[in-house]
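Residue numbers for the sequence shown follow the working numbering, so the first one is 2 and each next one is one higher. This report concerns only the one structure given below.
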Amino acid sequence: MKKKIIAVAIILVIMIGVTGCSKNNTKLEEIAKSINNCKTVKSYKEYNYDLKASVSKDTLTITTKMNDTNSKVKFELKGDILSNEKLTTKDLTTILLLINGVGITNGYEDGELSQNINSFFEEYKNYTLDKEGLEIIIDENKLSLKIDLSKKIPLIDVNKFYLKADDLDMIQEFIDNKKYGNQNGKMGNIAYNVFVGEEESTIEIGQDEKLSDSAYKSIITALEVMYGEEVAKKFQELYPNFVEEKTTVDAFTIEKDYQPEDKDESVFKDTEIVLVTINNNSLNS
């Protein structure tokens, strides 16, 4: 009788142990695997910068090791919501790494979602957890991140963003006051440098990865601000599309794949650039 009682007790202990043991969340393990195998992690290793994602039950941890410094950022999963509401802006690299892993598991190419967010970060801050499955809240240097793993975060359409007349307020001021100068900056994945000169004026437009219709529309906007709609239409007639080789027609010279000397130290870093030069003497003759 005692042997039966002991045997039953052992079985109960084993059953309790098995049922009480929580397994790692399979969704998180898939995301962690995507992170560890992504191009960013592999490229960082070349600089002795180790990034690694690991999972324990419903917690995904991204560990950063560089020299003798270690840091860990944890994300907790509750239901379908993966979150950390106590981040800082210093954690942006880790956040993009996590989002890249989530994106890969949702069918995006490696880097596709994270690069899109990096280019249009301000627009993604307007996303909501209920609609797009992403919530990013920044208060000074504090940051909160929530991701709904049941949703596929939609990409921002890059072709929706190009220079508008209001973006070139300094250029308009130069024109109005008959002065010379330039205005540069970056909006979304469009970088620009517009210069108003006496004999020549230039429009440099750069775009992440490759030039698209957004870059062309940005050139037309700049021409409209600098010279008016008639000149912009003339340019469109002469150059309905980008040309592959440096070409001059009338007052306009267009050069695709332009490489300024200070490219890597300017707003044009990591972009493909087109340069339009306008000969003001020819234009006014």
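Every residue gets a Cβ at the ideal spot worked out from N, C-alpha and C, and that includes glycine.
When C-beta atoms of the region 197-205 are compared with those of the region 220-236, three or more pairs fall below 8 Å, so the two segments count as touching.
In the DSSP secondary-structure assignment, E205 is bridged to N194 and L276. The beta-bridge partner set that DSSP reports for V250 consists of F253. The C-alpha of F253 lies about 37 Å from the C-alpha of L114.
Our two residues, L98 and F243, have alpha carbons roughly 35 Å apart in a direct line. Annotated three-state conformation of K161 is helix, per DSSP. When DSSP assignments are scanned along the region 122-187, the uninterrupted stretches of beta strand (DSSP E) that are 3 or more residues long and fall wholly within it turn out to be 135-140 and 143-149. Restricted to the region 64-122, the alpha helix (DSSP H) segments that are unbroken, complete and at least 4 residues in length are 93-106 and 113-120, listed in chain order. When DSSP states are grouped into helix, strand and coil, D51 belongs to the strand group. Q260 counts as exposed, since fewer than 16 other C-beta atoms from the protein chains shown sit within 10 angstroms of its C-beta. The region 102-120 makes no contact with the region 167-175: fewer than 3 CB pairs, one atom from each, lie closer than 8 Å. L61 is bridged by DSSP to V56 and F76. For E133, the closest alpha carbon among the candidates D140, E141, I139 and E124 is that of E124. Under the 8 Å Cβ criterion, the region 53-64 counts as touching the region 22-40, having at least three qualifying pairs. Looking at the backbone, the Cα of N160 and that of A166 are separated by about 17 Å. Here the alpha carbons of T27 and D271 stand approximately 36 Å from one another. Distance from the Cα of S151 is smallest, within the candidate group V103, I191, Y193 and I137, for V103. The shortest CA-to-CA distance from I220 to any of K179, V232 and T129 is the one to V232.
The criterion of a C-beta distance shorter than 8 Å is satisfied by G189 and F121.
Counting of Cβ neighbours within 10 angstroms places E136 among the buried residues, the total reaching 16 or more. The three-state reading of DSSP puts Y259 in coil, since its state is none of H, G, I, E or B.
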